[in-house]
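Here the structure comes first, spelled out in structure tokens, and everything after it is commentary.
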Amino acid sequence: MTQSLTGYERYAADFEALEGMEPPNGSAWLRGVRREALAAFRRLGFPAERRGNERWKYTNVAPIARSTFAYPFDVDMDAVTEAFLRQQGPWSDDWARLVFVDGRFSALLSTTFDGDDGLRLVNIGAALHKDGGGVRQHLGKLAQSGDGFTAVNTAFLGDGALVEAPDDTTCERPVHLVFVSSGASPDRVSYPRALVLAGRNSRLTLVESYVGPGDGRYFTNAVTEIVAQEGSGVEHYRYMTEGAGAFHVGSSYVRLGRGSSFRSTSFGRGARIARNGLSVLLDAPGASCVLKGLYYTTGSEHVDNHIDVDHAGPGASSDQYFKGILDGSSKAVFSGRVLVRPNAQKTYARQADKNVVLSDGARINTKPSLEIYADDVQCFHGATAGAVAGDAIFYMRSRGMDEETARSLFVHGFASEIIDSIELPALRSHLDRMFSVGPPGGG
Amino acid sequence: MAAPKVISRTSELEADYKYGFVTDIESEVAPKGLDEQVVRMISAKKDEPDFLLEFRLKAYRRWLKMGGKEPRWAKVEFPPIDYQDLHYYAAPVKKGDSPESLDDVDPELIEAFDKLGIPIEEQKRMTGVAVDAIFDSVSVATTYQKMLADSGVVFCSVSEAVQHHPDLVEKYLGSVVPYTDNFYAALNSAVFSDGSFVYVPPGVRCPIELMTYFRINAEETGQFERTLIVADEGSYVSYLEGCTAPMRKSHQLHAAVVELVALEGAQIKYSTLQNWYPGDKEGNGGVYNFVTKRGKAAGRGSKISWTQVETGSAITWKYPSVILQGDDSTGEFYSVALVNNHQQADTGTKMIHIGKNTKSTIVAKGISAGKGNNTYRGLVQIMPSAENASNYTQCDSLLVGDECGAHTVPYIEVRNSSARMEHEASTSRVSDDKLFYCMQRGISDEEAHYMVINGFCRDIFQELPFEFAMEAQQLLRVSLEGAVG
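Heads up: the sequence lines are chains C and H, in that order.
For the first sequence, the positions run 0 to 442 when numbering that gives the first Met the number 0 is used.
For the second sequence, the positions run 0 to 484 when numbering that gives the first Met the number 0 is used.
Here it is as structure tokens:
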């Protein structure tokens, strides 16, 4: 039964075909990493078990495991235009950008400004062949702790984004990684991959966008690894609006060095099943992270935010703040876990998840959990799900506003707390439009 | 002679587990192992009607289907249990037939309960608590029968209820916790030996507190008692349970099922002081307390309130829950769970909101000391039909020492847009500021710790009947011995 659910054979067949296409002088190192990952996937499978599967308790991935998604051996790189990208997600002409169509690097749509502020921004595939050293040291390391989804992604490792800020460098220009699905048939899977290396005392701003056509049925299985060295600061945004029939599983792994800071804000909309997995390891004193999120679900969408914060070293702090708006018969999940290991004294950890449910068919499952093995700590969590919407909307309607406007205003107000904290004007205005008065999602 | 014992029992508690004695009583023990024969034997011993034998057999078959796999999702660790290496029935041998009065009860037994400070002799009217004493899963005596009978309240052992009120038992047994519910509930349904039965007729306010005292004595014996409380329309009952076991090197299994049914306007208040033997300092021995407790607030405006103080057991695995089925019904859960040495506790509650305007409150306090691990695990579920449901949850954990663990795992599932749900939790150690404040006023470090911890639990202790609250405070102190200061 497990066999049919994981669909290992289907993926293994594509794997062999892909390996056969590699040039004989290709990287032996890469081949080794891929094979190891495929073996890991064979062992792990997709986490479709319903019993005792705490990490995926509220998200059933059987529809993904059962479906057949073809590996995109041939990608029509002209299928996606810049105009389409500008319309689908946040955009600024000043941002350096790498664009991937169905996981394949598009040199045409990308622009790197030749690293004018010291940043190195290249396709991983190319980087691996040129100088493997730094990349090999980190690529796939943090992701080793991942589940079957991450393992498959690594098994098909090819193109991807390498973002590297050298030591003591402040990279002024935000980096935009755009992963777009073409939605071409047959239903296909793509494996977006990013490795972000922030050197000592460097500063880096990163936007990841995952977009696709509104109607396609496809599967995006993304993995991002971020290593922040001592004293570095990474500002991270993750933007996801996949099509209503699409599946998205994103797994981000972050490791924070001494005194480094990681500020991340994620936005999730759409998709039949979307998962935003984020694991942050704080294993050095003084590391800190602020993880924010905003999710908005309508129709029969399903969005799952799974946050894992591992306090492995002392004196670090973490703060999670997620807000959700649910409409239609959609479902949203928040499961945040904070682990404080025995030696992680003086830890400060906070978790909060606030939800508004706008319709009776919608369903929120929230599970903020704390697992604490050190005593000199301050840890809190809170979760709310409330009918505040009803009171607020009533207030506005009693002042002559129509239902639709009142609802939109409420949604915008609820979301603005997160949106207003965005440092990038182009991203902020894009989200402002998305959550502004008018039909949801409209401009 | 024994009377003052009751009053002084809180003050004479010592650091060690005081209830660890073994009573030398002749008991009748079923051979080890479990099969259909044993289930039939238990049923025959108790001269049970057919429906009950059927219930047991169905449960046994269900349990077999579960393939000996106990649930492992809780954050507790224990070696596999050999379910064929246990006695499923142990009872003190009765002199002749069932005791007509206390004079017929084995004096050794009365003495055993005296040692525990349990007043089963009617002379101790002062305490004003009706007690059902359960020794190795068999009810040995129930006090105040007459007074209760006058008010129409039925308070007896389940075995007696089966004989005298079979209709009530048939109607309600398994109606809240079906035998299919979980591994231990299935096992309990198959082999339960005894427990307390309470029925409060419509409009009756039970005149005294009811109490059951559980005692495991025999070795390598599983204790499987079953409690059923039915509060009919507009009635009220307050029920207490306490439990102890002797010190044994091996672990003892305790898998009880408690079912509460509150009909329209009825209220049930259920308090537990759980002090099973926790094992020694190295984690040897101790009771595995795997219990299923659930109440159904079935009628409109009914209320079920659980209060528990959990200080004993090597492992505690229990989630006293309320199904809020009736409109305007209320569920409450107040809990203090303490672990020390190698104890593990995974406990919490489930509040299932089905009816309109249902309300639930959860206040859980966890204290971890020594090498103990304490997990709060709770579910708040608001179903689509539960218009205007509200829940407030607060769970706080206190860490004493740096080798213990405190975990909080709430599950919140909201399926109605009119629901209001709030959850808050915090984890920290006893603050240095508070200790400093106490100590500069001449209070010792140890005493200061007790004061802070006591204050931490105050909200819960206030929910307990007075005498229980006193005992709970002492129990907390004894259980923490050696962990603070």
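The C-beta atom is built at its ideal place from N, Cα and C for all residues, glycine as well.
Note that the structure is a prediction, hence the values are computed from the model and not measured.
Within its own chain, the residues whose Cβ lies closer than 6 Å to the Cβ of H:R428, once the five positions on either side in sequence are excluded, are L398, listed in chain order.
When DSSP reads this structure, H:H406 sits in a beta bridge with C:E370 and H:T374. Residue nearest to H:K302 within the set H:G347, H:D395, H:E232 and H:T374 is H:E232 (criterion: CA-CA distance).
A straight-line Cα-Cα distance of about 44 Å links H:Y82 and C:G249.
One Cα belongs to C:T296, the other to H:D326, and the distance between them is close to 30 Å. Between H:F455 and the set H:F465, H:L475, H:I442 and H:S320, the nearest pair of CA atoms involves H:L475. At the C-beta level, C:V222 and C:A270 stay beyond 8 Å of one another.
Listed along the chain, the chain C residues whose CB falls inside 7 Å of the CB of H:H352 amount to none; the nearest CB is some 12 Å away.
Beta bridge pairing from DSSP links H:G365 with H:A336 and H:S396. About 5 Å separates the Cβ atoms of C:Y238 and C:F266, confirming a contact at the 8 Å cut-off. For H:H253, the enclosing beta strand (DSSP E) has its first and last residue at H250 to H253. Within a 10 Å sphere around the beta-carbon of H:D166 sit fewer than 16 other beta-carbons, which makes this residue exposed. When the alpha-carbon of H:S312 is set against those of H:G294, H:G300, H:P319 and H:L337, the nearest one is in H:L337. C:E370 reaches chain H at K74, T374, G404, A405, H406, T407 and V408, counting residues in chain order whose Cβ is nearer than 9 Å. At a cut-off of 8 Å between beta carbons, H:P383 contacts chain C.
A Cβ of chain C is located within less than 8 Å of the beta carbon of H:S416.
Interface flag for H:S425 against chain C is set, since a Cβ pair is found closer than 8 Å. The bridge partners DSSP lists for H:S320 are H:R293 and H:K349.
Classified as buried, C:E224 has 16 or more neighbouring CB atoms from the shown chains inside 10 Å of its CB. Beyond the five residues adjoining it in sequence on each side, H:N181 comes within less than 8 Å, by CB distance, of P70 and T291 in the same chain, given in chain order. Inclusion of C:H305 and C:R54 in the CB contact set at 8 Å is warranted, their separation being smaller than that value. Here the C-alpha atom of C:F246 lies approximately 51 Å from the C-alpha atom of H:L463.
Membership of C:E21 in any beta strand (DSSP E) is not indicated, and neither H nor E is assigned to it by DSSP. Rounded to whole angstroms, the gap between the alpha carbons of C:K322 and C:A78 is 35 Å. Of the other Cβ atoms in all chains shown, 16 or more fall within 10 Å of the Cβ of C:G292; this residue is therefore buried. Burial state of C:W28 is exposed, judged by a 10 Å Cβ sphere holding fewer than 16 other Cβ atoms. Residues T346, Y347 and A348 of the same chain have their beta carbon placed closer than 8 Å to that of C:Q377, with the five preceding and five following residues left out of the count. Excluding the 5 residues flanking it on each side, C:G258 has same chain C-beta neighbours closer than 8 Å at E229, G230, A283, P284, G285 and A286, in chain order. For C:V226, the enclosing beta strand (DSSP E) has its first and last residue at F218 to A227. By alpha-carbon distance to C:R135, the top candidate from C:G124, C:Y190 and C:S144 is C:G124. Under the Cβ criterion (8 Å, minimum of three pairs), the stretch 339 to 355 of chain H does not count as touching the stretch 463 to 473 of chain H. As the crow flies, the alpha-carbon of C:C170 is around 19 Å from that of C:T264. For C:F148, the three-state secondary structure derived from DSSP is helix.
Judged by beta-carbon spacing, C:V179 lies within the 8 Å limit of C:V210, meaning their Cβ atoms are closer than that value. Interface residue (Cβ-Cβ distance to chain C less than 8 Å): H:V203 is not classified as such. Chain-ordered, the chain H residues with CB closer than 9 Å to the CB of C:V356 read V413, R414, N415, S416, S417 and A418.
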